[in-house]
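Read the structure below first, then the notes.
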Amino acid sequence: MPPRNFALDFSRSSYVCQSCLTSLRGVKPDSNPQLWLTRHASGLARRGQRRLEVAAAKAKASETQKPPVDPKTNEELQKLITQLQNGELPDSVDLSVLEAADVPDGSLDVRYFEQTPDGQKRQLSSDGFNRSTYGLDTEVEDAINDLERQMVATLQMLNRLEKQGMPDKAEVLRRQFKTSLKRQYKGKTGPEAEEYGLLRISGFSGSKHRAIASLNSFLARESVVKGGVPKHKDLVDCWKAYSAARKSLSSAWQNVPREVWDFLWMILSWEKGVENPNRMHHLYVLAKDMKAAGVALKDPQQLLAIEAMFIEGWKEEAIEAWKKSVVTIGSKPETFTGYYELGVRMLSLHGDVERAQRAAETLFGSAEKADARILIPIIKALAAKEATAEKAWETYRHMRDLLGEDMKLQDYDEVISLFLGANCMEHALQAFVDMMFSGKVDIRGRTRLPIAVSNQFFIGKWLKRLIGAGDLDGAYKVVVYLQDKGASASPRQLNGLIGAWMRTEAAENLEKAEDLAWNMIRSRLNYVHMRGRGSSMHQPTRLYDPYPYKRSPSTEEGDFHCSTRATAETFSILAENYASRGLHETLEQLWGAFQHAAIGPTSFLMNQLLTSYSQDGKADKAIDVYRDMTTNQNVNPDAYTFLALFNTLSVNRLLVRDSELAARDVQRGREFFADMVRADWKFDSPNIFHLLPRTIMFSMLKAQDYAGMIVAAQAMKELFDFTPPGPLLIELAAGTATLRVQSKRNIALVMEANNLVDNLILQHRTNLAKRGVDVDNLTRAQKAEEVHHVLRNLILVKAKVQDVPPEKLEPHLELAANEMSVSGILGDAGQVAKHRKIIGHVEDVM
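With positions in the sequence shown counted from 1, the corresponding number in my numbering is that position plus 2.
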């Protein structure tokens, strides 16, 4: 927390009651007060109106010194000045009007007076009059004078252009000037439709000017408030420009107009529909600067400033400022509700619950309409202490009664989360029962829950809401509490909680997920052990402990013994997590527990084991596990199984090629392909549909099994409906598994491969053209046949490079087909339909 050497002072206020104003002005209470002393925002229109009045006074005083001007000229002059002050530019101007209306500035002595609140009058200088009436200093006044002179000079220049025979150029300049005037003088419109007028900070020079110029550039940006709603970029740029200019501004805070302060406040306090995470910090800094500049905060601004002070760590000072504002902000109808709601929130968070409750009572006891949800901070503060937990429940009931039918699901969820966080489990359960049964079922004080609550459907509804809201620890507390009440969650519900914990990838949550999963596994093993005792009742009773396979729980809830038994999904979730984290030994322990769990093994768990063994360099062990599970345990493999098997080949694992291992890879690759053809499985996702054929082709290419490649390509065409895409052809031609690696060698290989594929396509189409085929309008089937023809020729080219010409390769095709179990399938429509791996067409998978 920052040192407590500063706090905003909101005890002073510019508020004066109506009766005091009446006595000061010396008028009756029922008469209309004179508002001529009221200071308004210094807009250009009001300055223009005052200037016209002064100009009229000058003109009247100079009537004795100058020949009278034609009334028509005065009328045109009045019209011109009005247009200029309104930001409009006339199409043409008679220069004689400007010359005839010229009045010397020094020919008239004007004195200015101001009436003080006690009724006395005092004379003001010109600068004092500007500051009192318009909030302008001399520099700003001079800038306005100069700007008006530039506008008149521009009109004169445009008239001269027209007289010199350049009306088109004059029209273009006139339009540009009109656009510039409209942009600069029509002002900015805030979200509440307030007009901010010209926003500019002046009075700085030298090294300080650059930061101020950047802030002025932001203030002049048209897109800052577009349609009354700032964008996220506006908020970021606003704080960037202001924070850079703060040091320079602090040397002369008085040079910052009130309109600029209000505009900056409007931007930095914006929160509707725009992300503004540092909103309160920015407002805290801005409020300090406004106080240093002597700018009084408006009532809504004071409320936000107090809240910002509290959030920034000045809790006691913020509460004290809130107390002092009770007569001013707290007594006005427009800020009454916001004032007391802020007090309830701050006092509840600070632990002063009694004062927070009194503030809430004042709020609800007034004629102003209050939102009963303001009681939620009080509920949280009361629930945090065991001694006041029952009062928290009573406050929740009171809030629910006040809201009635307006009580929403989000309100219940928030209250339930508060009770769960405070370990008020019975209150949390009753609140959820209220939400589900509209308050018609009462379970408080019961040792056993009614059947309407003690069922997996009810528990599942609650857990789903908690997990969906991200309250995973709350969901676990519900599981423990309800099991103690005799209601156990289903395995699917707990598996969902385990998966949600693991998806966070936080170390603490991973440990909680593992502990709960192994707790479920222990329950499953105990159940299997008790079920298997059968006729062996003479044996001493003991419970099976799976924790030789896994350490005991280390969390605070370690004494919780879950009665819900693990399923195959539980093992699969753990297996996938261990495989992705490279925990091979732990995965082996899981497999040992799985073998005792008497659960039918699944292909998913087998695939995780194969992947883990392969990554651990135990390819032979992976293949043994595959043979055992598919032969002895009747596990049906799927596409992911064969993907894992092909990845066990040495050509896919080792960086350095071994000729002896590569020769063994040829035989194993053909065996895997044969098993894949004979097994009963189907493609279930586009990802594996593209990945498996690609892995097969590259595995055989790297093992230099060119005969196997040709047979595999033909078999996958008929059984998979697989047509190699163009990029795969280029990758096979280049011998690189990816086109995304932009190395110099890869780029050269890809360019050479692309030329090779293009030449093969050209040769094929030349042969088609010789047979009279229209190569410019090939059908879809003809294009697919072309790709397969190019792939076959590409394989022959690769084989020829390795001194295996086509005439030497052809005799090996039949042997490869036999070893890959496709010799009796290819070409036989019945056999193809029987072994087909796609349901319907390729589009069904895609």
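Where a beta carbon is used, it is the ideal one built from N, C-alpha and C, also for glycine.
**Asked** With distances taken between CB atoms, is the gap from T643 to A621 smaller than 8 Å?
**Response** Result no, Cβ atoms of T643 and A621 do not sit closer than 8 Å.
**K684 to L721 span [Cα, whole Å]** = Distance from the CA atom of K684 to the CA atom of L721, rounded to whole angstroms, is 10 Å.
**Asked** According to the Cβ coordinates, are Y286 and A247 closer than 8 Å?
**Response** No, Cβ-Cβ distance for Y286 and A247 is not below 8 Å.
**Item:** alpha helix (DSSP H) runs wholly inside the stretch 618-646, at least 4 long, in chain order
**Value:** Given a length threshold of 4 residues, each whole run of the alpha helix (DSSP H) inside the stretch 618-646 is given here in chain order: 621-633.
**Prompt:** Would E309 count as contacting chain C if we go by Cβ distances under 8 Å?
**Reply:** Here there is only one protein chain, and chain C is not present.
**Request:** Find out if the Cβ-Cβ distance for the pair W520, L512 is shorter than 8 Å.
**Result:** At least 8 Å separates the beta-carbon of W520 from that of L512.
**Asked** Counting only runs that start and end within the stretch 383-433, where is the alpha helix (DSSP H) found for 4 or more residues in a row?
**Response** Here the runs fully enclosed are 391-405 and 411-423.
**Message:** Quick check on the DSSP output: the alpha helix (DSSP H) that includes L815 runs from which residue to which?
**Reply:** In the DSSP annotation of this structure, the continuous segment of the alpha helix (DSSP H) that includes L815 starts and ends at P813 to E821.
**Prompt:** Beta carbon of V480, beta carbon of L468: below 8 Å?
**Reply:** Going by C-beta atoms, V480 is nearer than 8 Å to L468.
**Item:** Distance CB(K393)-CB(L384) smaller than 8 Å
**Value:** In terms of Cβ geometry, K393 and L384 form a close pair [threshold 8 Å].
**Asked** Would you report the Cα separation of K290 and H234, rounded to the nearest angstrom?
**Response** H234 has its alpha-carbon roughly 24 Å from the corresponding atom of K290.
**Request:** Would you mind stating whether I381 and V417 have Cβ atoms separated by less than 8 Å?
**Result:** When the beta-carbon positions are compared, I381 and V417 come within less than 8 Å of each other.
**Request:** Quick one: measure Cβ to Cβ for F648 and I712, integer angstroms, because I've assumed they're closer than 8 Å.
**Result:** Their Cβ separation, rounded to whole angstroms, is 17 Å, which puts F648 and I712 out of contact at 8 Å.
**Item:** Per-residue DSSP class, three states only, for F562
**Value:** In the structure shown, F562 sits in coil (DSSP, three-state: anything other than H, G, I, E or B).
**Asked** Helix, strand or coil: which one does DSSP assign to T337?
**Response** If DSSP states are grouped into helix, strand and coil, T337 belongs with the helices.
**Asked** Which same chain residues, not among the five before or five after A386, have their C-beta less than 8 Å away from its C-beta?
**Response** The residues are A424.
**Prompt:** When burial is assigned at 16 or more other CB atoms within 10 Å of the CB, is L657 buried or exposed?
**Reply:** If you draw a 10 Å sphere on the C-beta of L657, you find fewer than 16 other C-beta atoms in it, and that means exposed.
**Complete alpha helix (DSSP H) runs within the stretch 284-365 (minimum length 4 residues, chain order)** = Listed in chain order, they are 301-313, 317-326 and 335-352.
**Asked** So, helix, strand or coil for P548, using DSSP?
**Response** Reliability of the predicted coordinates at P548 is poor, the pLDDT of 49 falling under 50, and the value obtained from them is presented with this limitation in mind. Correct three-state label for P548: coil.
**Request:** Starting from the Cα of L764, find the closest Cα among D778, E516 and L811 and give me that residue.
**Result:** Of D778, E516 and L811, the residue nearest in Cα terms is D778.
**Prompt:** Buried or exposed: where does E706 fall if 16 or more other Cβ atoms within 10 Å of its Cβ makes it buried?
**Reply:** It should be pointed out that residue 706 corresponds to Gln in this sequence rather than to Glu. That one is buried.
**Request:** Please classify G208: does DSSP put it in a helix, a strand, or coil?
**Result:** G208 falls in the helix class under three-state DSSP.
**Prompt:** Does the stretch 802-810 touch the stretch 721-739, meaning 3 or more C-beta pairs lie closer than 8 Å?
**Reply:** Touching, no, given that fewer than three Cβ pairs across the two stretches are closer than 8 Å.
**Item:** Residue burial classification, H211 (beta-carbon count within 10 angstroms, cutoff 16)
**Value:** It counts as exposed.
**Item:** Closest by C-alpha distance to D264, when choosing among A243, G470, A298 and N280
**Value:** The shortest Cα separation from D264 among A243, G470, A298 and N280 belongs to A298.
**Prompt:** In its own chain, which residues sit with a C-beta less than 8 Å from the C-beta of K463, not counting the 5 before and 5 after it?
**Reply:** If we look at K463 and ignore the five residues flanking it on each side, its Cβ neighbours are M438.
**Request:** Taking the CB atoms as reference points, tell me whether T337 and A372 lie closer together than 8 Å.
**Result:** Result no, Cβ atoms of T337 and A372 do not sit closer than 8 Å.
**Item:** Segment contact flag, the stretch 452-461 with the stretch 474-494, C-beta cutoff 8 Å, min 3 pairs
**Value:** Contact holds: three or more Cβ-Cβ distances are below 8 Å.
**Endpoints, the alpha helix (DSSP H) within which D667 is located** = D667 -> alpha helix (DSSP H) spans S661 to R680.
**Message:** For R696, count the other beta carbons within 10 Å of its own beta carbon; 16 or more makes it buried, fewer makes it exposed. Which is it?
**Reply:** The residue is buried, with at least 16 neighbouring Cβ atoms inside 10 Å.
**Item:** G498, buried or exposed, once every other Cβ within 10 Å from all chains shown has been counted against 16
**Value:** Buried, because 16 or more other Cβ atoms sit within 10 Å of the Cβ of G498.
**Request:** Under 8 Å by Cβ, that's how I've got L305 and I331 pegged, so tell me the actual separation to the nearest angstrom.
**Result:** Their Cβ separation, rounded to whole angstroms, is 6 Å, which keeps L305 and I331 in contact under 8 Å.
**Asked** Going by beta carbon distance, what residues of the same chain come within less than 8 Å of A783, once the five residues before and after it are set aside?
**Response** Result list for A783: empty, nothing under 8 Å.
**Item:** Neighbourhood of T543 by C-beta, 7 Å cutoff - its chain only, sequence neighbours within 5 removed
**Value:** Confidence is the limiting factor: at T543 the pLDDT is only 49, short of 50, which leaves the residue's position unreliable, though a coordinate-based value still follows. Cβ neighbours of T543 beyond the five flanking positions: none.
**Prompt:** From R767 to V759, what distance separates their C-alpha atoms?
**Reply:** Between R767 and V759, the alpha-carbon positions lie close to 12 Å from each other.
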